[in-house]
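Residues 1 to 80 in my numbering are what the sequence shown lists, from first letter to last.
Yeah, the Cβ is synthetic: ideal placement off N, Cα and C, and Gly gets one too.
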Amino acid sequence: PWGAFTLPLLFTWEELEQKAREGDDLELRIVESRCGVRPGLKTAVPYDYLDASAGSGWDQFLRNASEELQQQSKSPEAGA
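Written out as structure tokens, the structure is:
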């Protein structure tokens, strides 16, 4: 029920396998301190991917780039 690169993180593999066998609902576990986070290449994502919500820096950048591209395509110099 999980991918090859899935890490158990807050659960042991035994807990995950037991929950899968028994069909129990998983409990929600929250990391409250930085020492509980294990960053790595398999679980990491770029920061700009994390905050692509409306009004974020990444969202604003994409909006500005789109507007600039539209202005350039309407420019008489665009066909040159």
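Alanine 4 in three-state terms, based on DSSP: On the sequence shown, position 4 is the one that residue 4 refers to. At alanine 4, the pLDDT of 49 sits below 50, so the modelled position is not reliable; the number obtained from the coordinates is stated separately. If DSSP states are grouped into helix, strand and coil, alanine 4 belongs with coil.
- request: Within its chain, find whatever has a CB closer than 7 angstroms to the CB of proline 1; leave out the 5 residues flanking it on each side and keep chain order.
  value: As a position in the sequence shown, residue 1 is number 1, starting the count at 1. Confidence at proline 1 is low in this model, with a pLDDT of 47, below 50, so its placement is unreliable and the value that follows should be read with caution. Ala20.
task: With a 10 Å radius around its C-beta and 16 neighbouring C-beta atoms as the bar for buried, classify alanine 4 as buried or exposed.
output: Residue 4 sits at position 4 when you count from the first residue of the sequence shown. Confidence is the limiting factor: at alanine 4 the pLDDT is only 49, short of 50, which leaves the residue's position unreliable and the question unanswerable from this model.
task: May I ask you to report which of helix, strand or coil DSSP gives alanine 54?
output: For this step, residue 54 is matched to residue 54 along the sequence shown. Coil.
task: Could you tell me how far apart the beta carbons of leucine 10 and arginine 29 are, in whole angstroms, since I believe they sit closer than 8 angstroms?
output: As a working note, residue 10 is residue 10 in the sequence shown. As a working note, residue 29 is residue 29 in the sequence shown. Between arginine 29 and leucine 10 the Cβ distance is about 4 angstroms, and since that is below 8 angstroms, they are a contact.
task: Let me know the secondary structure DSSP gives phenylalanine 61 once reduced to three states.
output: One-based indexing of the sequence shown puts residue 61 at position 61. If DSSP states are grouped into helix, strand and coil, phenylalanine 61 belongs with the helices.
C-beta atoms of glutamine 18 and aspartate 24 nearer than 9 angstroms: Mapped onto the sequence shown, residue 18 falls at position 18. Mapped onto the sequence shown, residue 24 falls at position 24. Yes, the Cβ-Cβ distance between glutamine 18 and aspartate 24 is below 9 angstroms.
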